[in-house]
Every structure is written in C-alpha cells, then in structure tokens.
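One structure is given below, encoded as structure tokens.
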Amino acid sequence: MELHNPAPVTVDQVVHALSVLGQEVVADPEFRPDGPTEDDLPELLGGLLGRVEYEVAIVVDPADEPPSALSQLQDGWRAESDDPDVHRAVLVNRLQRTAFDVGAALGEETGEEEPDEDEEEVGPPGVAGAATCALASAELLAAQAAVDEGHAREAHRALDSVEGFLAQALLTAHLLRLQLRAEEEDEDED
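Per the working numbering, the very first residue in the sequence shown carries number 11; after that it's consecutive.
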C-alpha cells in the first residue's frame with residue numbers, strides 16, 4: 011500500500027523540531043553549504059524518531075500496573091489517523107526497523123562493512139531470532155493486506171517469507187537452547 015501525505019513535513023520543520031528537543035543539526039559545510047536538503051530528510055526523521063522513542067522509553071513502562079502511560083501513548087498515536095491502512099503501514103515499517111535495530115540495541119556491531127561472500131553474518135541466536143520474529147510479523151501484516159486487497163501473488167510471497175522467518179526463529183531458539191545447555195553442563199563440571 012502506498013501512503014500519501016497531503017502536507018508532508020519539510021526539512022526545515024524537522025530541523026526545527028530537533029532543535030526544540032535540544033538536538034542541534036549541523037551539516038558539513040563542505041557538502042551542504044546551505045544546510046540539510048531533501049536528501050537528508052530520512053536521516054533527519056530518523057534522528058527525530060530516535061529522540062521521540064528515547065523519551066517514550068523513559069516515560070512509558072509497559073510493565074506498569076495499570077499501564078496508563080502506555081494506553082495514553084497508544085491513544086495519542088491512534089489520534090493521528092483513523093485509517094486502518096495507515097496504521098498497518100506504520101506497523102509494518104516499525105517492525106521492519108525493529109528487525110534491523112535489534113542487533114544495535116543489544117550491542118552488536120552495526121558498521122557499514124559487508125561480510126565476505128563466503129561468510130554469513132551471524133550474531134547471537136537470541137538476537138537473530140528476535141530480528142526474524144519482527145520480520146515475520148511485518149510480512150504477516152503485509153500478507154493480510156494483500157489478501158484484503160485481492161492480491162494473491164503478493165499474499166503468497168509474503169506468506170512464504172513468514173514461513174521462512176518463522177523457521178529461522180525456531181532454529182535460533184533451538185541454538186540458544188543448545189548454548190544454554192552447554193553452559194549449564196560447564197557449570198556442573200566446575
């Protein structure tokens with residue numbers, strides 16, 4: 011589904027929002043003598059999103075009983091649109107970002123270097139499994155959207171991806187269990 015915003019945010023608006031939140035944007039004068047451009051918008055939005063998500067993590071504890079702050083956060087988010095397609099698109103995007111953010115959040119290196127062709131990028135099994143679960147969730151929402159819109163080919167492709175991600179997640183859970191078992195056996199020997 012393609013979303014359209016009749017009044018998209020501008021670079022200046024995002025830079026201003028970041029500034030108000032105490033995060034100054036400094037563009038390299040050699041490459042951006044006139045400041046940030048439209049090409050910088052995704053990174054600027056990422057900075058704004060990061061700042062907002064950080065504040066949310068501080069203010070909202072999902073474990074609170076009752077979870078009133080979480081409920082209020084969700085009410086505020088839902089107030090942005092009453093269109094289920096918008097909510098689904100935002101959730102799919104969030105889940106895809108989450109899959110890529112999991113490694114960074116758990117301390118894995120996230121540099122730009124690509125692994126060699128014969129190397130497979132593998133992290134701790136629990137981290138890899140968490141990422142694949144997020145991707146499975148995103149693809150499952152995409153599959154449902156495709157079914158709802160009558161796009162059978164897209165639905166099949168998304169469901170194939172879901173099954174692949176779930177198989178990977180089960181494998182990583184098994185590998186993590188084996189790792190735990192080995193550590194327990196090592197402790198018993200000591």
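The beta-carbon is built from N, C-alpha and C at its ideal position, and this holds for glycine as well.
The structure displayed is predicted, hence computed values, not measured ones.
- Annotation for Leu-169: Ala-153 place their beta carbon closer than 6 Å to its own, counting only its chain and skipping 5 residues before and after.
- Residue state for His-26 is assigned as helix, using DSSP reduced to three classes.
- Per DSSP, reduced to three states, the secondary structure at Asn-15 is coil, with no helix or strand assignment.
- For Phe-41, there is no enclosing alpha helix (DSSP H), since its DSSP letter is neither H nor E.
- The beta-carbon separation of Thr-182 and Gly-136, rounded to 7 Å, stays under the 8 Å limit for a contact.
- One alpha carbon belongs to Leu-188, the other to Leu-58, and they sit about 40 Å apart.
- With distances taken between CA atoms, Ala-114 lies nearest to Gly-133 out of Gly-133, Val-102, Val-96.
- In the displayed model, Leu-101 falls within a helix according to three-state DSSP.
- A residue is called buried once 16 or more other Cβ atoms fall within 10 Å of its Cβ, and Val-24 is buried on that count.
- Counting along the chain, Ala-146 sits inside the alpha helix (DSSP H) bounded by residues 135-158.
- Here Leu-150 has Val-172 as same chain residues with Cβ atoms under 7 Å from its own Cβ, once five neighbours each way along the sequence are excluded.
- With respect to Val-35, Leu-51 sits apart: the two C-beta atoms are not nearer than 8 Å.
- In this structure, DSSP gives Thr-108 a helical state, which the three-state scheme calls helix.
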